[in-house]
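Participant: In our numbering, the protein residues as written are 243 to 595.
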DNA sequence: CCTCCACTGGAAGATCGGGAAG
DNA sequence: CTTCCCGATCTTCCAGTGGAGG
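(1) Let me check one thing: in DSSP terms, what residues is residue 374 bridge-paired to?
(2) Nearest CA to the CA of residue 395: which residue from 379, 409, 423 and 579?
(3) For the beta strand (DSSP E) holding residue 467, just list the boundary residues, first then last.
(4) So the candidates are 375, 491 and 480; which of them puts its Cα closest to the Cα of residue 498?
(5) Residue 280: buried (16+ other C-beta within 10 angstroms of its C-beta) or exposed?
(6) Taking only three categories from DSSP, how would you classify residue 299?
(7) Considering Cα atoms alone, identify which of 523, 530, 535 and 263 is closest to residue 544.
(8) By a C-beta neighbour count over all protein chains shown, 10 Å radius and 16 as the cutoff for buried, is residue 405 buried or exposed?
(9) Count the other C-beta atoms from every protein chain shown that fall within 10 angstroms of the C-beta of residue 427, then say buried if there are 16 or more, exposed otherwise.
(10) Can you name the residues that DSSP bridges to residue 345?
(11) With 16 as the cutoff for other CB atoms within 10 Å, does residue 271 come out buried or exposed?
(12) Counting along the chain, where does the alpha helix (DSSP H) carrying residue 446 start and finish?
(13) Whole angstroms are fine: how far does the CA of residue 302 sit from the CA of residue 268?
(14) Are the CB atoms of residue 438 and residue 466 nearer to each other than 7 Å?
(15) Apply the 10 Å Cβ neighbour rule to residue 316 and answer buried if 16 or more other Cβ atoms are within range, or exposed otherwise.
(16) Output the distance between the C-alpha atoms of residue 577 and residue 507, rounded to the nearest integer angstrom.
(17) Answer with buried or exposed for residue 292, where buried requires no fewer than 16 other C-beta atoms within 10 angstroms of its C-beta.
(18) Is DSSP giving residue 237 helix, strand or coil here?
(19) Quick check on residue 327: does DSSP put it in helix, strand or coil?
(20) Check the DSSP bridge columns for residue 584 and list the partner residues they point to.
(21) For residue 430, tell me which candidate among 261, 471 and 413 has the shortest Cα-Cα distance.
(22) Give the DSSP-derived three-state secondary structure of residue 516 in the structure shown.
(23) How big is the Cα-Cα spacing for residue 560 and residue 540?
(24) Whole angstroms is fine: what's the gap from residue 399's alpha carbon to residue 550's?
(25) Could you work out which residue in 294, 517, 374 and 478 is closest to residue 381 when comparing CA atoms only?
(26) Tell me whether the segment 324–331 and the segment 367–380 touch, counting them as touching only if at least three CB pairs, one residue from each stretch, are closer than 8 Å.
(27) I'd like to check one pair, residue 283 with residue 290: are the Cβ atoms closer than 7 Å?
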């Protein structure tokens, strides 16, 4: 007896989610082998090699890294994996805390107000018993690169750093850079249209029921997604859910055209939604005005924030907000000193077509 | 030349909220 | 309950920068 109504389109919704780690990896054999080789020494109790992976959004960096770590931790009990997205978890404390949680130490850590150095000490002890591969996604969004130094000096920890930009670590502390100088650099190039199509076909085969979507429709999604697998898979998810909700047996072409722009925006929008109100207000002003002088932006910000009953903020804090938004790649500054102006960063503008 | 202006950003200290101990 | 300690965040203070204007 099925517990839910029979689905007409979706066979397994998990397969269509961005975070899903597939059972096999397509068109990334080189990177796959490179990561495996870096991790291999761990199996013999030797020091693994840290990695730095970079490439445009949707090129498989996160997926492939997590795939290999899953594969390894399924193969041996002596290695564990920990995944951290630095956008969500950007302070030293939160990152160490999250790694400890992934290593199963959440309870004992809770005594007293827990100082960060104590977390580090706990982690050190834990790593003596079991190695850990730590994936730091969106590592350029880190607030404080001290934690990179902490982690890079830990015995038994292997780092996989992920970033959109090849130069993400150029601004880091020299001690961090020298610690990571021997890291293996792996580039993830943009997928070709054919490669995206293969990935989509794979997801559709496992995620959807047979006949739910036509090959020509998958081709359309693949060619419109410009080599970004996240956009492609997100589009597939949107059209499948829409068709399912309307009790259709097949995806409509018009649904695909509606879903594509939504899928392209969804990643940045989701990120902005997660920000505190003051941050969102700054983004909002910049989006409605385009380019704004620093002084004007502050005045407008103060006006609107009192209008909306947000707590008053002193100018220095406002500058901290803007700094953080620039670090997150949502705001761009032009000009120096007194003639500085800010504008919203267009998502994806840095990546070639 | 000097001073003012408008802004940046470092440093230090205050405050907030959460969790734990007394 | 209060008190204490922690990280995170915000405020206060201030030195620095560089064009505008006397």
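For each residue, glycine too, the CB sits at the ideal point set by N, CA and C.
Facilitator: On the basis of the supplied data:
(1) The residue you call residue 374 lines up with position 132 of the first chain. Paired residue(s): 322 and 399.
(2) Counting from one through the first chain, the residue named residue 395 turns up at place 153. Nearest C-alpha to residue 395: 423.
(3) In the first chain, the residue the question calls residue 467 occupies position 225. Neither: residue 467 is in no beta strand (DSSP E) and is coded neither H nor E.
(4) As a first step, residue 498 is located in the first chain; it is residue number 256 there, counting from the start. Closest option to residue 498, Cα to Cα, is 480.
(5) On the first chain, residue 280 is found 38 positions in, with the first residue counted as 1. Buried is the call here.
(6) Position 57 of the first chain holds residue 299. Residue 299: coil per DSSP, three-state reduction.
(7) Mapped onto the first chain, residue 544 falls at position 302. It is 523.
(8) Within the first chain, residue 405 is the residue found at index 163, counting from 1. Residue 405 should be labelled buried.
(9) Numbered from 1 along the first chain, position 185 holds the residue referred to as residue 427. Exposed is the call here.
(10) Counting from 1 along the first chain, the entry for residue 345 is found at position 103. Beta-bridge pairing links residue 345 to no other residue.
(11) Translated into positions along the first chain, residue 271 becomes position 29. Counting Cβ neighbours within 10 Å, residue 271 comes out exposed, since fewer than 16 surround it.
(12) Locating residue 446 in the first chain gives position 204, counting from the first residue. Counting along the chain, the alpha helix (DSSP H) containing residue 446 begins and ends at 435–449.
(13) Taking the first residue of the first chain as position 1, residue 268 is located at position 26. Taking the first residue of the first chain as position 1, residue 302 is located at position 60. Taking the straight line from one Cα to the other gives about 10 Å.
(14) Mapped onto the first chain, residue 438 falls at position 196. Mapped onto the first chain, residue 466 falls at position 224. Against a cut-off of 7 Å, the Cβ pair of residue 466 and residue 438 comes out as no contact.
(15) Locating residue 316 in the first chain gives position 74, where the first residue counts as 1. It counts as exposed.
(16) For the purposes of this step, residue 577 is taken as the residue at position 335 of the first chain. For the purposes of this step, residue 507 is taken as the residue at position 265 of the first chain. So the alpha carbons of these two residues sit roughly 28 Å apart.
(17) Position 50 of the first chain, counted from the start, is the residue given in the question as residue 292. Burial call: buried.
(18) Lying outside 243 to 595, the shown extent of the chain, residue 237 is not represented and no answer is given.
(19) The residue labelled residue 327 in the question sits at position 85 within the first chain. Residue 327 falls in the strand class under three-state DSSP.
(20) Position 342 of the first chain holds residue 584. Answer is 534 and 575.
(21) By one-based count along the first chain, residue 430 stands at place 188. Answer by Cα proximity: 471.
(22) Counting from one through the first chain, the residue named residue 516 turns up at place 274. It is coil, neither helix nor strand.
(23) Along the first chain, read from residue 1 onward, the residue named residue 560 stands at position 318. Along the first chain, read from residue 1 onward, the residue named residue 540 stands at position 298. So the two alpha carbons sit approximately 7 Å from each other.
(24) The residue you call residue 399 lines up with position 157 of the first chain. The residue you call residue 550 lines up with position 308 of the first chain. So the two alpha carbons sit approximately 47 Å from each other.
(25) Here the question's residue 381 lines up with position 139 in the first chain. When only C-alpha atoms are compared, the closest one is 294.
(26) yes
(27) The residue labelled residue 290 in the question sits at position 48 within the first chain. The residue labelled residue 283 in the question sits at position 41 within the first chain. Yes, these two residues count as a Cβ contact at 7 Å.
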